[in-house]
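Everything below concerns the one structure shown next.
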Amino acid sequence: MQFESAETLTKTLRSKIITSDEVVDIVRSLDGVHPYFPKREVFVIDLILDRWNNFKNTDFRENPRVWKLFNDTWVKIGDENLQKSLFKKLKFPGLLQSSLETFNGIEDTAKVQEYVESVNTTCDLLIKSVTSLQLPYEANLSILAAATQICSRISYANRVEFLMNLINLTNFDSQLSKLTNKLSSIFSDILLLPILDYISNFESNIIDKDIILTFKGYIMSALFNADIIGLDTTNILHEFFDAKKSTISHNSAVIIFEIAMNSLSKNNFIQLESIYTMIVDVHDALKPDLLQKLSSTKKTMSHEFLFKLIKDSFQSLDKVTNPQEKIRDWSLIRSILKLDIEIAIELSNEILALLLKNYHFFEKECQQIWAEFIECHISAREFFGFFGRLRTYYDHDHNVSKFLCAREYRLDINKRIGLLSGLHLKELISEYVADMVSTSRSKISAILLSIITEGLVHLNPSQLSEYRPYFQEVYMIDDINYAEQWAVKYFLMDVFDNIIPLDMLERYKNKDIQKVILESPRINLQTFMFFLKIREYISMDIKEIENALMKYLSINKSSTFAFLILKNWYTIISEEFDSQNIRNLLEMLCLNSNFSLLLEFMKDDDIFEEPNLIHKLIGYLSDNLTESAALDVLKIIPIQCYEKSSRVSLIDRLASLKINESVIDALSHLLIFPTFKTRLETDVGTFFELFKNSIDLNHHSEKLLTTIWYHHAHSNDSSSKDFTYNLVNLVVANLSKLIDVKVSFWLAYYIQIYDEKRVHSNLRKEYFKAISAYSDKQSNLMPWLLKTLYQLLIREADLSMYQDVIKDCIQKYKLDGSNSNELKISVFMIYTLKDDSDFSFILAHYLALRSQGCHAMELLTGVSEYLKLTAHYSSEKYNAALHLVCCALNDNTKTFHNYLLEIVPSLMLNLSKQNHIGQKLTVRLLSATYTSITQGMMDINSLTKFISTLKEILISKPWMFDQYTVELLLPLSLEICNSIIPTTDFSNVQLQNNRIFISLCRLLSTLFTVHRFKLNQRYHVIDSLLCGMMKYVINSQFYGLTEECAKAFARCVITFCEPTTNTSTKNKNQTTSKVNEIKKILRKHVPILLVNYTELVIGNSIDNEIRREIDPALYSMLNVISSSELQWISTLLGSTGRQYFKSIYAEYKRIGKWTEQ
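If you read the sequence shown in this note's numbering, its first letter stands for residue 593, the second for the next number, and so on.
Dropping the structure here:
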């Protein structure tokens, strides 16, 4: 549209009937010359402000294009005073609030995102020119509520920046410092739920860490702030849950409880209990989860509240029929026992009754409760009394004896026997032995004594001798019908050498005595275990024992019984048992096709030294090839244990089965050594058919193929040469006719990959020709074919002779929106091999493909290979690529920053030493990457890859790191460390935290080793960095860090404290002098770390495993310092800290300090 004058233009723009889109189009079309229109920008801003102030005209408010026009024009004005003058005309609070609320209800996410981007820019501009707005408190709440709701439902990359801009613009933080009970209630009504939903949606994202901490801080300030006079948090939350109960999600409810749990004092039981009750009234399923979270802290609830809760759970278990509800109640009971150990002792009888009633039906849950029940007694120093309670309960219900005979429940007690004091243990042994030898022949005493005796193996061997005299009378028991004695006698023989008198050995060797015992109606498994133990002591005929054992096992069918017998006496069984009985034992071990115990049995490598047993096992497995677990066991048995003749028939039988992963893996294992006699190794048709049916099993089939092919390719036998010749001819024929294309392409590719001598050129030629002929773009096979073509081409030394093939593929598979991502990736990889391809074009396509959801790994393979070739042939082109990425990273739009950062490791890895300009550009690249990390632009995978790359090039390319670059790594490491975010659940966040932390520790260890002398003036920065990392390790439960993180941190500190030199000098005195110089510097800085550690430990609860892993690092630090530094540390610490540090130092002198002894 043409305008003759400014007057005509302004008249048109001010028209009441013109639409917002028409206004934008007209203004955008003006070229700045015609018509002459001074102060055009002021007019446009005035016009937009006028339309925005008209609340009835929603067209201008809801059009993102108008907001963009406002932003562009506002920047052009430039004059800050004029901007402030214009802005005074705008009713911005009402505009912002109504617009956000309107767009919050729009379903078109693309339009909403466009609007949010525009408003974000507007807020950013206003912050720079207007500073902040003074808005009413409720208006601020409504604005933030609408904004967080919008960000929760759209995928907006800059959501954190948008929300922080709104917070800064509205000066919301200052209003939170002046809250009252009423204002807190309004906060709860308007903003609480939206920010809870936001935290729930984005808590696992690193880029949201800061805003989530801000939001949690708001909740704490509004609802749990002790400085607010008259704050009634309980009533506020009660109203909140009443009003919003239908919209509060599980995660949001958990977040409220976590914040309450962390905010309230340890003794504020009533308020925490009220909040817990409100939450579980809305989400009943959260009962155990919330208590589990509470148990991970030092806080709890009142004894009365938890007592009532556990009693309700007992009643619920009796009433409910839904299995899931029962499991929830079991979990709740366990959580309560963790929180209040007194309940376990107070309700011992009820808990035992509950376990006896349910342990057959809820095995896992009962085992967990039982273990927790025992732990409660130990924590309360009532472990000795625990045995008394079991014995007393036996008088009430004799069934407890069966419960205690169950192996899993016995183990939970006997592995903790070492926690009893020596005095208590002797008292229990004396009491139970006395009961056994008395005429009463107490059953429960024998069972408890057998548990104690079995647990003696967990004691220090030097302690065992003092308990031996207390058991002497056990072998005086001569009552054959006293079945419980055999377990005690067996375990005693297992623990103590030669404890059984010789005359007793001879007595039990007597067949008449054996017969009487073995025919007793009260015989049990421990009787046979006792006799087999006797066989270990002396040589004797065990035929009668063997027959009686097999009879007993045939009646009492139990895979656990068979497991115990086989596990302990497989040598005796292999050498002395009848073949059929061995077979029967193996069948019992795998009762009901359950091979789990067999797999456990096979963990002992010594089993494979028993050929008779192993051959029987192979025979049994061969008869059960339809069971996938049987195939798993076949793979465990070393190939040397198979007889060649049986292996041939077994392979042929496997090849005839329905093909799956287990079959293919078993075949791969059995063919590790070739036989050259199976159908699979001799008949091309059988070979081809098997892989035709297994091609979709990916690397499983690949392993089998390469195993067979390797044997034939490296054999000089004529039959092997015939096999390879016939197979290649078959594949070539199929490719030329395009029949059986999938398996033929697959076989052709792997034959070429493993054709080390390049003897099958005809196959390669036919393969390329077939790919060109097979042009079905819709086929799922096409992406894979192009990737295989790529893999074959990059193996070539000279790509110039294959440019026609490359260009033909690119031309044939031009992409459009309908193509799958896999095909796009494949074509992109081929394009990177084109000799005239330009990096700017490759980068543009990479960014476009990543934004369309294509995975980075394969795309980066193509980019990395391109950069590798470019670095080799043209430093100038490589430097242009470096410069391009640096410029892109410094671009303020940040749209593709995360994708650009994925390329950085490849650029650094392929830099050559001769490229001096490239080295300077790499420093700029590293600096730009550091800036991006500080802004949270790098995702977890890119971050860990980047850290690993830095570690690699610190060793392989030390010349890349000048003084500035080495020093840059320290603040960079600090930023990486700060990307770790709190988490209390085992989740992706915890895994991310562990990956980041361990990678960072390894990077720093390498830095300290390779570039120690460039850090001499930066030890104060290293102190800050290591202190920050130490905080994360000490608070490992809060951040989800594991013992591996503590171990990695300890190695890092040890490397820091124990300098080495990488100097090439042959002068040992000079080397020693440099090390001593470093140690002198370390003495000034290590005390800071020790003081920080001491203060962190006394102020936090540190996990014992974490402490154990950190100890070597402490000893390494203590090795560095002298007496003067010790005095300095003592001065810096308070009285509690000094006492704790003294204990650390005493432990160091006892076991940590190096001595010649």
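Every residue gets a Cβ at the ideal spot worked out from N, C-alpha and C, and that includes glycine.
Option in the options with minimal Cα separation from residue i
i, options, result
"N859", "S894, L882, F1315, S766", "S894"
"A1365", "K1329, T1380, E1273", "K1329"
"L771", "S734, F794, N827, Y810", "Y810"
"F1153", "I1130, L1181, I1165", "L1181"
"Y1522", "L1461, P1563, A738", "P1563"
"I847", "M1621, Y1394, K885", "K885"
"I1044", "E1023, S1032, S1054", "E1023"
"A731", "E1111, V752, D781", "D781"
"M1085", "A1075, Y1346, V1066, Y1074", "V1066"
"F754", "E1098, K956, T713, K1416", "T713"
"N1073", "E1058, L1040, M1028, F1088", "M1028"
"R1387", "W659, V616, Y1346, L1355", "Y1346"
"R745", "T701, S766, C1619", "T701"
"Y1685", "I735, Q1527, L1618, S1312", "L1618"
"S1230", "D1215, R1245, H1207", "Sequence check: residue 1230 is Pro here, not Ser. Looking at the Cα atoms, H1207 is the closest of the given residues."
"A1258", "F662, A1221, L783", "A1221"
"N1321", "E1348, Y1465, H1306, E1358", "E1358"
"G670", "I637, S1307, D1004", "I637"
"L1384", "E1414, S1412, E1348", "E1348"
"S1146", "A945, N1173, L1681", "N1173"
"S1392", "L1425, T1380, N1413, K1672", "L1425"
"S734", "Q689, L947, I742, N757", "Q689"
Residue i burial status per 10 Å Cβ neighbour count (16 or more: buried)
i, result
"T1751", "Because the chain here runs from 593 to 1749, residue 1751 falls outside it and cannot be looked at."
"G697", "exposed"
"E1235", "exposed"
"L678", "buried"
"T1031", "exposed"
"S838", "exposed"
"K1658", "Only weak support exists for where K1658 lies, its pLDDT of 48 falling under 50; the coordinates are left without a value."
"V1351", "exposed"
"C1478", "buried"
"F1433", "exposed"
"S1238", "exposed"
"M1449", "exposed"
Residue i to residue j span [Cα, whole Å]
i, j, result
"G1729", "E1687", "6 Å"
"K1143", "G1047", "30 Å"
"K1606", "Q1555", "6 Å"
"N1090", "Y1302", "56 Å"
"T740", "L882", "26 Å"
"E1494", "K1537", "8 Å"
"K1505", "L1476", "20 Å"
"K1639", "M1622", "12 Å"
"F537", "S1708", "Since the first and last residues shown for the chain are 593 and 1749, residue 537 lies out of range."
"R1594", "F1283", "43 Å"
"Q1749", "Y1740", "Only weak support is given to the placement of Q1749: the predicted model assigns it a pLDDT of 46, under 50, and the value that follows is read from those uncertain coordinates. Roughly 15 Å separates the two Cα atoms."
"F1200", "L1262", "16 Å"
"D989", "V1025", "22 Å"
"T1655", "N1668", "The predicted model places T1655 with a pLDDT of 43, which falls under 50 and marks its position as unreliable; any figure quoted below should be read in that light. Rounded to the nearest angstrom, the two C-alpha atoms are 14 Å apart."
"Y1631", "V1625", "8 Å"
"L1452", "S1498", "8 Å"
CB-CB length for residue i against residue j, believed under 8 Å
i, j, result
"F1120", "I1105", "So it is not a contact: roughly 15 Å between Cβ atoms."
"I1164", "R1127", "6 Å"
"L1546", "I1568", "15 Å between Cβ atoms; not a contact."
"L1272", "F1265", "Going by Cβ atoms, the distance from L1272 to F1265 rounds to 14 Å, so no, they are not a contact pair."
"I803", "V752", "5 Å"
Do the stretch 1715-1729 and the stretch 1634-1653 touch if we need at least three Cβ pairs shorter than 8 Å?
no
Contact between the stretch 1514-1521 and the stretch 781-794: three or more CB pairs below 8 Å?
no
Below 8 Å, how does it come out for the stretch 926-939 and the stretch 966-975: are there three or more Cβ pairs, yes or no?
yes
Is the stretch 637-648 touching the stretch 658-673 in the sense that three or more CB pairs, one from each, lie closer than 8 Å?
yes
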